[in-house]
Ligand SMILES: [Zn+2]
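Residue numbers (UniProt numbering): 1 to 105.
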């Protein structure tokens, strides 16, 4: 279960538009910067742009998938979205039981 550090991140945030994706990226980057989250890079990442480059403003792939781990309780989060056709995706905890709130715009 989530801890006090990451409970505010335990939301299912719908990403439908580029500005929502940009916001989700910014939230991830801020939480890495303040030591709440660490990026988890899979053995064979399906994205060509690293999250750090993305956070600096690099263009995203047609499909993005980034994984994060709370450094305090090991809760896993991911940001995944299909950007090419705009069908979108989510920022959410991997464990659906950890979702405290659904945010759709
Ligand atoms: Zn945590």
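Every residue, glycine too, gets a C-beta built ideally from N, C-alpha and C. The structure displayed is predicted, hence computed values, not measured ones.
Between residue 12 and residue 90, the beta carbon gap of about 6 Å places them in contact (Cβ cut-off 8 Å). Among the bridge pairs identified by DSSP, residue 37 is matched with 70. Residue 2 has its CB nearer than 7 Å to a heavy atom of ligand 1. Look at residue 14 here: in three-state DSSP terms it is strand.
With a cutoff of 7 Å, residue 16 does not count as near ligand 1, since its C-beta is closer than that to no heavy atom of the ligand.
The C-beta distance from residue 14 to residue 105 rounds to 7 Å, short enough to meet the 8 Å contact threshold.
For residue 53, the enclosing alpha helix (DSSP H) begins and ends at 51-55. Look at residue 28 here: in three-state DSSP terms it is helix.
Not one heavy atom of ligand 1 is found less than 7 Å from the C-beta of residue 100.
DSSP places residue 19 in the helix class (H, G or I) of the three-state scheme. With a cut-off of 8 Å on Cβ pairs, the stretch 3-10 is not in contact with the stretch 39-48, counting fewer than three such pairs.
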